[in-house]
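Note sheet for the following structure.
Here you go:
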């Protein structure tokens, strides 16, 4: 075999290896994204289940409040309370809400006579076995035929229920039982069940120790659940993308509480998580179903592989048929290798854009990828401003003088046509985009998602000789494909950034909200401990804000809050923080500042607010004042809660002393507040 043929075979082998690697990379990206999506789905469904269980616990706590508010709770009061809850609408899935008393054997006959006297002559406590301690379900709603089977049942006589009841007595908290079969089960459609208990103690009895709680126990409020009925309310919906098996304590057929399907098929993705609530441990096994797997799209990877294999076969056939075609095959091989590399770059571009945390980072990725993908072209990625009046160059690459930094949307033909546009160097002048500073051929692709323009990708052919040059057909195809990837990625990124801002900012003022501010203060205090710097924690409150709302209306009050928030934002320097802490309260964190400087700046802020005027509904609101309480780190404390409390005490002192002033925390302020 000649050296040229050896080289050809080596080239084909390398190409095939790169083809397989590229194909595997694309499939791995699909699998990785599917795994991430499945993890998000599982966490959401787990949180949904835990939240529902906590809602059921809150129902019991409310029921416990009924006993606390009444000397005794009779049967009609219990029924009226249950009807008022409307659980079948607000929290479906509860089989029964009941009350069970606990008593010694000596009181058995008295209890049975009492219930029979209430109009239930056939009432008796069961099972009929001799034991020292009894319990009996005396109230249960709804009082249906199924629930009637539980009337008088001694749950304390059954080990699984008794374990949960004892745990409730011991902890005073809601306690969930393990898997049981409810006595409400009829002959057909028998389901696994479980219960949750909350102890009711006798009024006036101490319950500090476990022994005291055992002596003070009066009974239990409880809820009973048929697992299938309850879980189906949460997990059985038409477009469900998972299957669920829920086990009690450990995985096993005997421990199965609930399953969305009778037989579990082999799943591509499966995840088992442990759920602990009220002393019970459940194992939830989530499996992806066909509906989820159908969204795992390998078409790009398979198309990539199929195209590569077809080309490889063509090359092999050409090599066998005619030696004279070696040169052409070699050229085709180089072209295909280039296509593989381009596909990998495009795949990496997609993956990197999905991983970006902000728009600026995304534009840096775009510039780097386009420089690699189209090294002979210079380009700019424009972004439409918020008012949709101007396209602004966010990042450029190559020769930076070939394209304008800004242009109006109507100055780009791609925007006006809503499709890609080629400006030829030998074409008509009137169809060339006005943002081009070169006579070379240029290609503009609008970045459009869901029918909305977000920017433009513009590339210009540049020549080292300074002569006008052209853009190849393949380069135009690459630009078009890249623009589609960039459009979707930027749209998703902007949505993520918007949602992130919504979670950390107050919707009215645009300032950081209380939750984000508390996290920021904690980080700033950690930094202060490391660097030894001083920090001022200032609690700011609008004086007589209620009077503004009463006199001018709540919309005027909102404008005042916005105006003060904007003023405080402009007041920041360096790494200072400002947040709306709640209502008319703001929190201002001044970093790396001594007490004297903090006092000077805060006094300046107070004066600026006093000079502030705001117009609302044709009226000018003035004479706005603020009171400020300040605590210094580390001089007045090093703990976040302590500093916030002391700044609040200082604020109270400022209010008490006549408002419209800055007060630093002192022991006097603390004593006055207390």
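Residue numbers (the numbering used here): -5 to 668. Where a beta carbon is used, it is the ideal one built from N, C-alpha and C, also for glycine.
- [ ] Take every Cβ of the region 88 to 102, pair it with every Cβ of the region 132 to 146, and state whether three or more of those distances are shorter than 8 Å.
- [x] yes
TODO: Check each candidate in 393, 163, 325, 88 and name the one with the smallest Cα separation from residue 434.
DONE: 393
TODO: Rounded to whole angstroms, what's the CA-CA distance from residue 242 to residue 250? Just pull it up for me.
DONE: 6 Å
Open item on the list: What residue range does the alpha helix (DSSP H) around residue 634 cover?
Closed with: 634 to 650
Task: Assigned secondary structure, residue 624 (DSSP; H/G/I helix, E/B strand, else coil) - done: strand
Open item on the list: Helix, strand or coil for residue 655? Go by DSSP, reduced to three states.
Closed with: coil
Open item on the list: So, at 7 Å on beta carbons, what are the nonlocal neighbours of residue 668 in its own chain, with the 5 sequence-adjacent residues on each side left out?
Closed with: Below a pLDDT of 50, predicted positions are generally treated as unreliable, and residue 668, at 48, falls in that range; the measurement from the model is reported next regardless. None.
- [ ] Look at residue 473 and residue 439 and say whether their C-beta atoms are less than 8 Å apart.
- [x] yes
Task: beta strand (DSSP E) segments (min. 3 residues) lying fully within the region 93 to 135 - done: 127 to 135
TODO: Within the region 192 to 223, note down every full beta strand (DSSP E) run reaching 3 residues or more, in order along the chain.
DONE: 211 to 220
Open item on the list: Taking the straight line between their C-alpha atoms, what separation do you get for residue 479 and residue 576?
Closed with: 42 Å
Open item on the list: For residue 441, tell me which candidate among 431, 416, 477 has the shortest Cα-Cα distance.
Closed with: 477
Task: Contacts around residue 376, its chain only, beta-carbon distance under 6 Å, and the 5 residues preceding and following it disregarded - done: 385, 387, 449, 450
- [ ] Return the first residue and the last residue of the alpha helix (DSSP H) that residue 699 is part of.
- [x] The question about residue 699 has no answer, for the chain in this structure spans -5 to 668.
Task: Of the listed residues 535, 216, 197, 585, nearest to residue 579 (C-alpha basis) - done: 535
Task: Exposure of residue 349, with buried meaning 16 or more beta-carbon neighbours within 10 Å - done: exposed
- [ ] Can you tell me which of the three DSSP states residue 499 falls into?
- [x] strand
Open item on the list: Quick check: the region 188 to 206 against the region 163 to 170, are at least 3 beta-carbon pairs closer than 8 Å?
Closed with: yes
Open item on the list: Could you tell me the alpha carbon to alpha carbon distance between residue 287 and residue 281, rounded to whole angstroms?
Closed with: 10 Å
TODO: Under 6 Å Cβ to Cβ from residue 465, same chain only, skipping five residues before and after it: list those, please.
DONE: 435, 437, 455
TODO: Could you tell me if residue 168 is buried or exposed, where buried requires 16 or more neighbouring beta carbons within 10 angstroms of its beta carbon?
DONE: buried
Open item on the list: Buried or exposed, going by whether 16 or more other CB atoms sit within 10 Å of the CB of residue 3?
Closed with: exposed
TODO: Return the CA-CA distance between residue 27 and residue 262, expressed in angstroms with no decimal places.
DONE: 13 Å
Open item on the list: Please state the DSSP three-state secondary structure of residue 18.
Closed with: helix
Task: Range covered by the alpha helix (DSSP H) that runs through residue 414 - done: First-last for residue 414: undefined, no H or E at that position.
Task: Sheet register partners of residue 372 (DSSP bridge) - done: 454
Task: Classification of residue 613 by the beta-carbon crowding that lies within 10 angstroms, buried from 16 upward - done: exposed
Task: Cβ shell of residue 11 (< 7 Å), same chain only, five flanking positions each side left out - done: none
Task: Short Cβ contact (8 Å threshold) for residue 188 with residue 174 - done: yes
- [ ] Give the C-beta separation of residue 599 and residue 555 to the nearest angstrom, bearing in mind that I take them to be a contact with Cβ-Cβ under 8 Å.
- [x] Between residue 555 and residue 599 the Cβ distance is about 15 Å, and since that is not below 8 Å, they are no contact.
TODO: For residue 347, count neighbouring Cβ atoms within 10 angstroms of its own Cβ and tell me buried if that reaches 16, exposed if not.
DONE: buried
- [ ] Please classify residue 272: is it buried, with 16 or more other beta-carbons within 10 angstroms of its beta-carbon, or exposed?
- [x] buried
Task: Assigned secondary structure, residue 609 (DSSP; H/G/I helix, E/B strand, else coil) - done: strand
TODO: With a cut-off of 8 Å on the beta carbons, I'd call residue 396 and residue 417 a contact; round off their distance for me.
DONE: In fact, because the Cβ distance is near 12 Å, the residues do not count as touching under 8 Å.
- [ ] Give the straight-line distance between the Cα atoms of residue 343 and residue 336, rounded to the nearest whole angstrom.
- [x] 10 Å
Open item on the list: What ranges does the beta strand (DSSP E) occupy inside the region 535 to 586, keeping only unbroken runs of at least 3 residues that lie completely in it?
Closed with: 571 to 576, 579 to 585
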